[in-house]
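2 protein chains.
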Amino acid sequence: MTPLAPDPAVLRGLRLFSGLDAAALAEIVRSAHTRRIEKGTTIFSQGDRAALCHALIDGRVKIVQTGADGQQLVVRYIGAGEMFGTAAVFSGGIYPADALAMVDCVGVHWTAATMGELMERYPRIALNALDVVGRRLQEVQTRLRELSTERVERRVAHALLRLVRQAGRRVGNGVEIDFPLSRQDIAEMTGTTLHTVSRILSGWEGQGIVGSGRQQVTIRQPHALVAIAEDLPRPERPEEK
Amino acid sequence: MTPLAPDPAVLRGLRLFSGLDAAALAEIVRSAHTRRIEKGTTIFSQGDRAALCHALIDGRVKIVQTGADGQQLVVRYIGAGEMFGTAAVFSGGIYPADALAMVDCVGVHWTAATMGELMERYPRIALNALDVVGRRLQEVQTRLRELSTERVERRVAHALLRLVRQAGRRVGNGVEIDFPLSRQDIAEMTGTTLHTVSRILSGWEGQGIVGSGRQQVTIRQPHALVAIAEDLPRPERPEEK
DNA sequence: CGTTAACTTGATTTGAATCAAGAGCAGTGG
DNA sequence: CCACTGCTCTTGATTCAAATCAAGTTAACG
Numbered sequence: 001m002t003p004l005a006p007d008p009a010v011l012r013g014l015r016l017f018s019g020l021d022a023a024a025l026a027e028i029v030r031s032a033h034t035r036r037i038e039k040g041t042t043i044f045s046q047g048d049r050a051a052l053c054h055a056l057i058d059g060r061v062k063i064v065q066t067g068a069d070g071q072q073l074v075v076r077y078i079g080a081g082e083m084f085g086t087a088a089v090f091s092g093g094i095y096p097a098d099a100l101a102m103v104d105c106v107g108v109h110w111t112a113a114t115m116g117e118l119m120e121r122y123p124r125i126a127l128n129a130l131d132v133v134g135r136r137l138q139e140v141q142t143r144l145r146e147l148s149t150e151r152v153e154r155r156v157a158h159a160l161l162r163l164v165r166q167a168g169r170r171v172g173n174g175v176e177i178d179f180p181l182s183r184q185d186i187a188e189m190t191g192t193t194l195h196t197v198s199r200i201l202s203g204w205e206g207q208g209i210v211g212s213g214r215q216q217v218t219i220r221q222p223h224a225l226v227a228i229a230e231d232l233p234r235p236e237r238p239e240e241k
Numbered sequence: 001m002t003p004l005a006p007d008p009a010v011l012r013g014l015r016l017f018s019g020l021d022a023a024a025l026a027e028i029v030r031s032a033h034t035r036r037i038e039k040g041t042t043i044f045s046q047g048d049r050a051a052l053c054h055a056l057i058d059g060r061v062k063i064v065q066t067g068a069d070g071q072q073l074v075v076r077y078i079g080a081g082e083m084f085g086t087a088a089v090f091s092g093g094i095y096p097a098d099a100l101a102m103v104d105c106v107g108v109h110w111t112a113a114t115m116g117e118l119m120e121r122y123p124r125i126a127l128n129a130l131d132v133v134g135r136r137l138q139e140v141q142t143r144l145r146e147l148s149t150e151r152v153e154r155r156v157a158h159a160l161l162r163l164v165r166q167a168g169r170r171v172g173n174g175v176e177i178d179f180p181l182s183r184q185d186i187a188e189m190t191g192t193t194l195h196t197v198s199r200i201l202s203g204w205e206g207q208g209i210v211g212s213g214r215q216q217v218t219i220r221q222p223h224a225l226v227a228i229a230e231d232l233p234r235p236e237r238p239e240e241k
């Protein structure tokens, strides 16, 4: 295995370290641990002591929370350049969810103590972390409102649009979500069942709005999906011909 | 109106300023603005530029998010010693919800610029803020999972238990939630309707679990509420006799 | 090529929303 | 002081979206 050289250029891309000078970045790089993470690896588990702050250089990680009786919620997907597990380190010290590598990944991490020192020395890092965590709080609050007040179809539309924004890849006939995403995953993001998601996607597929396959979704008409998400009046679809 | 003297002792109680030395606290106090806030006042509105970091010395503030078509979500209730509106200042700069004084309050605030400087000078404040925001993120994620996977009755039980924890006041026959709380409010916390909340509370009242009146709820048997929230097997209630 | 996981689709049930009507209290103003 | 007005809350009847129950079908993988 290649001894992955931590590259300052990559770390500079992380929002967590934006606005720092070269000296600070050099120190951050020195104290980082980089490693490959195989698809399927559990990076940390719900309930573990939060001893490491993570960030993703490449790949895709799923954060999943499990309830007392096994019900699961997909909290978010992490992409390249995003940190994860860091909020837990500085609030409570216990990871509140599992982190799962959905594909082969490259990750970096710092120990809690190291990151704490870095933040004390470079308050900018703490401010950046506050920024990121604050945005996630807002996003989760918005999902909470959607879940409280919207029908399943709209919630699924919102979820797909969110995924397109953070993991969309242009392909010939639309935008594809660039990691394996099952019906079950979508259900766990939107608080419904895989059956309902399957029916909804089938319906949309019939209207040419999306294309989908095994663990794979392509959005062909993003505007139509936006119309559903925003509950705009949409053109009628004649039943026949 | 009394020119409320900002009291360092009070500010020391805020988690946001824990672990700071006397000099730092003195500076924080010097830069704070204290004021009375009348019941019913809108402290800030969703969509406003987030220009102030707030904290509550006394009273109760409701944070409410409104969706495009007027659906509302009660994001949280703020009590004495808690900060609010601060995450918005450092992530995006727009308040994502309204803040409403539920009773007469005493509040403190700092301008965004002042708080930014304080955090740069005393990284500890930024770390504390990260701690608080991280905890709220966890709490909201937990609510999201509950909303996705639990029935209304359990969600209402969880919501009441949360309120008891943060705003419970021992009274003769149980624990009372110490601010005006309508059925509508509970509905907006749990993603249901006031009708359903009313039916549930009526049911519990019949079993002696809670007592309730106009904008007022008292928990008489917290253990029974926990049993409902955790979905534990509960003693049967014979229909007759 | 068989086994397993992901997905589809139909039938039935059900929890909670919606529709609908009225009762109880609190503050207002005559 | 009391009628009026407007919330807040209760309760019943009905409807409906989505869960659950129940078989399959399809596609990947060893």
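Chains A and H are the protein sequences, given in the same order. Just so it is clear: in the first sequence, position 62 is 62 by UniProt numbering, and no numbers are missing. Just so it is clear: in the second sequence, position 62 is 62 by UniProt numbering, and no numbers are missing. All C-beta atoms, glycine included, are put in the ideal place defined by N, C-alpha and C. The model shown is predicted, which means the values in this text are computed figures rather than measured ones.
Counting along the chain, where does the beta strand (DSSP E) carrying H:Gly168 start and finish?
For the purposes of this step, residue 168 of chain H is taken as the residue at position 168 of the second sequence. 168-171 is the extent of the beta strand (DSSP E) around H:Gly168.
DSSP three-state label for H:Asp104, please.
The count along the second sequence starts at 1 and reaches residue 104 of chain H at position 104. It is coil, neither helix nor strand.
Rounded to whole angstroms, what's the CA-CA distance from H:Leu16 to H:Val175? Just pull it up for me.
Looking up residue 16 of chain H in the second sequence gives position 16. Looking up residue 175 of chain H in the second sequence gives position 175. If you take the alpha carbons of H:Leu16 and H:Val175, they lie about 28 Å apart.
Going straight from the alpha carbon of H:Gly40 to that of H:Lys62, what length do you get?
Position 40 of the second sequence, counted from the first residue, corresponds to residue 40 of chain H. Position 62 of the second sequence, counted from the first residue, corresponds to residue 62 of chain H. Straight-line Cα distance between these residues: approximately 10 Å.
Closer than 8 Å at the beta carbon, the chain H residues around A:Gly104
One-based indexing of the first sequence puts residue 104 of chain A at position 104. Correcting the residue identity first, residue 104 of chain A is Asp in this sequence and not Gly. Neighbourhood of A:Asp104 in chain H, by CB distance below 8 Å: empty, with the nearest CB roughly 27 Å away.
Quick check: is the beta carbon of H:Phe90 nearer than 8 Å to any beta carbon in chain A?
Position 90 of the second sequence, counted from the start, is the residue given in the question as residue 90 of chain H. For H:Phe90, the answer is yes, since a Cβ of chain A falls inside 8 Å of its Cβ.
In this structure, does DSSP put A:Ala80 in helix, strand or coil?
Locating residue 80 of chain A in the first sequence gives position 80, where the first residue counts as 1. Coil, per DSSP.
Same chain only: Cβ atoms within 6 Å of H:Ile177, ignoring 5 sequence neighbours per side:
Position 177 of the second sequence holds residue 177 of chain H. Same-chain partners within the cutoff: Leu163, Ala167, Val217.
Just checking, does the region 224-233 of chain A make contact with the region 179-188 of chain A on the three C-beta pairs under 8 Å criterion?
no
Same chain, Cβ closer than 7 Å to A:Glu38, five either side skipped, listed in chain order:
Taking the first residue of the first sequence as 1, we reach residue 38 of chain A at position 38. If we look at A:Glu38 and ignore the five residues flanking it on each side, its Cβ neighbours are Ala101, Asp104.
Determine which residues share a DSSP beta bridge with H:Ser212 and list them.
Locating residue 212 of chain H in the second sequence gives position 212, where the first residue counts as 1. According to DSSP, which records beta bridges pairwise, H:Ser212 is partnered with H:Val217.
Contact check, A:Gln129 vs H:Leu130, beta carbons under 8 Å
Position 129 of the first sequence, counted from the start, is the residue given in the question as residue 129 of chain A. Position 130 of the second sequence, counted from the start, is the residue given in the question as residue 130 of chain H. The residue asked about is misnamed: residue 129 of chain A is Ala in this sequence, not Gln. Yes, they are a contact pair.
Give the residues of chain A in contact with H:Pro96, contact being defined as C-beta atoms less than 9 Å apart.
For the purposes of this step, residue 96 of chain H is taken as the residue at position 96 of the second sequence. Those within 9 Å of H:Pro96 in chain A are Leu137, Gln138, Gln141, Thr142.
May I ask which residues mark the beginning and end of the beta strand (DSSP E) holding A:Arg135?
Locating residue 135 of chain A in the first sequence gives position 135, counting from the first residue. Premise fails: A:Arg135 lies in the alpha helix (DSSP H), 123-149, not in any beta strand (DSSP E).
Looking at A:Ala231: is its Cβ nearer than 8 Å to the Cβ of A:Arg154?
Within the first sequence, the letter at position 231 stands for residue 231 of chain A. Within the first sequence, the letter at position 154 stands for residue 154 of chain A. Looking at the sequence provided, one finds Asp at residue 231 of chain A rather than Ala. Cβ atoms of A:Asp231 and A:Arg154: closer than 8 Å.
For A:Gln72, collect the residues of the same chain with a Cβ closer than 6 Å to its Cβ; drop the 5 residues on either side in sequence, then sort them by chain order.
In the first sequence, counting from the first residue as 1, residue 72 of chain A sits at position 72. Only Val64, Thr66, Glu188 meet the Cβ criterion.
Flag A:Thr196 as yes if its beta-carbon sits less than 8 Å from any beta-carbon of chain H, otherwise no.
To locate residue 196 of chain A, count along the first sequence from 1; it is residue 196. No, no contact with chain H.
Three-state class that DSSP yields for A:Glu38 in the structure shown:
Along the first sequence, read from residue 1 onward, the residue named residue 38 of chain A stands at position 38. Coil at A:Glu38, not helix or strand.
Contact check, A:Ile28 vs A:Leu118, beta carbons under 8 Å:
Along the first sequence, one-based indexing puts residue 28 of chain A at 28. Along the first sequence, one-based indexing puts residue 118 of chain A at 118. Contact flag set, yes.
Checking 8 Å against the spacing of the C-beta atoms, do H:Val152 and H:Thr190 come in under that value?
Mapped onto the second sequence, residue 152 of chain H falls at position 152. Mapped onto the second sequence, residue 190 of chain H falls at position 190. The answer is yes: Cβ separation under 8 Å.
Interface positions of the region 107-140 of chain A facing chain H (Cβ-Cβ less than 7 Å), listed along the chain:
Met119, Glu120, Pro123, Ala126, Leu127, Ala129, Leu130, Asp131, Val133, Gly134, Arg135, Arg136, Leu137, Gln138, Val140
Along the chain, where does the beta strand (DSSP E) that runs through H:Ala55 open and close?
For the purposes of this step, residue 55 of chain H is taken as the residue at position 55 of the second sequence. Looking at the DSSP string, the run of the beta strand (DSSP E) that includes H:Ala55 is 52-58.
Can you tell me the Cβ-Cβ gap for H:Tyr122 and H:Ala32, rounded? I've got them flagged as a contact below 8 Å.
Here residue 122 of chain H is taken as the residue at index 122 of the second sequence, counted from 1. Here residue 32 of chain H is taken as the residue at index 32 of the second sequence, counted from 1. Taking C-beta atoms under 8 Å as the contact rule, H:Tyr122 and H:Ala32 fail to qualify, at a distance of about 14 Å.
Determine the chain A residues that contact H:Gln65 at a beta-carbon separation under 7 Å, and present them in chain order.
The residue given as residue 65 of chain H occupies position 65 in the second sequence. Result: Gln141, Arg145.
So, with DSSP's three-state summary, where would you put H:Phe179?
Your numbering for residue 179 of chain H matches position 179 in the second sequence. DSSP places H:Phe179 in coil when its eight states are reduced to three.
According to a CB-to-CB cut-off of less than 7 Å, which residues of the region 38-55 of chain H neighbour chain A?
none
A:Asp48 versus A:Val132: straight-line alpha-carbon distance, rounded:
Along the first sequence, one-based indexing puts residue 48 of chain A at 48. Along the first sequence, one-based indexing puts residue 132 of chain A at 132. Answer to the nearest angstrom: the Cα atoms are 22 Å apart.
The alpha helix (DSSP H) with H:Ile228 in it runs from where to where?
Position 228 of the second sequence, counted from the start, is the residue given in the question as residue 228 of chain H. Unbroken alpha helix (DSSP H) run through H:Ile228: 222-229.
Output the distance between the C-alpha atoms of A:Ala9 and H:Ala50, rounded to the nearest integer angstrom.
The count along the first sequence starts at 1 and reaches residue 9 of chain A at position 9. The count along the second sequence starts at 1 and reaches residue 50 of chain H at position 50. C-alpha separation (whole angstroms): 32 Å.
State the beta-bridge partners of H:Phe17 as determined by DSSP.
Locating residue 17 of chain H in the second sequence gives position 17, where the first residue counts as 1. In the DSSP output, where bridge partners are listed per residue, H:Phe17 has none listed.
DSSP has H:Ala88 in a bridge; who is on the other side?
Numbered from 1 along the second sequence, position 88 holds the residue referred to as residue 88 of chain H. According to DSSP, which records beta bridges pairwise, H:Ala88 is partnered with nothing at all.
Using a Cβ cut-off of 9 Å, pull out every chain H residue sitting near A:Ala167, in sequence order please.
Here residue 167 of chain A refers to the residue found at position 167 when the first sequence is read from its first residue. Ordered by position in chain H, no residue passes the 9 Å Cβ test against A:Ala167, which lies about 20 Å from the chain.
Taking beta-carbon pairs under 7 Å, can you tell me which members of the region 145-161 of chain H lie near chain A?
Arg145, Leu147, Ser148, Thr149
At least one CB of chain A closer than 8 Å to the CB of H:Ala227: is that the case?
Counting from one through the second sequence, the residue named residue 227 of chain H turns up at place 227. Chain A, which has no Cβ nearer than 8 Å to the Cβ of H:Ala227, makes this no.
Closest to A:Ala87 by C-alpha separation, out of H:Gln138, H:Leu194, H:Asp185, H:Gly93, would be which residue?
Residue numbering aside, residue 87 of chain A sits at position 87 when the first sequence is read from its first letter. Nearest of H:Gln138, H:Leu194, H:Asp185, H:Gly93 to A:Ala87, Cα basis: H:Gln138.
Measuring CB to CB, does A:His144 end up less than 8 Å from H:Arg136?
As a working note, residue 144 of chain A is residue 144 in the first sequence. As a working note, residue 136 of chain H is residue 136 in the second sequence. Per the sequence presented here, residue 144 of chain A reads as Leu, with His not at that position. Contact flag unset, no.
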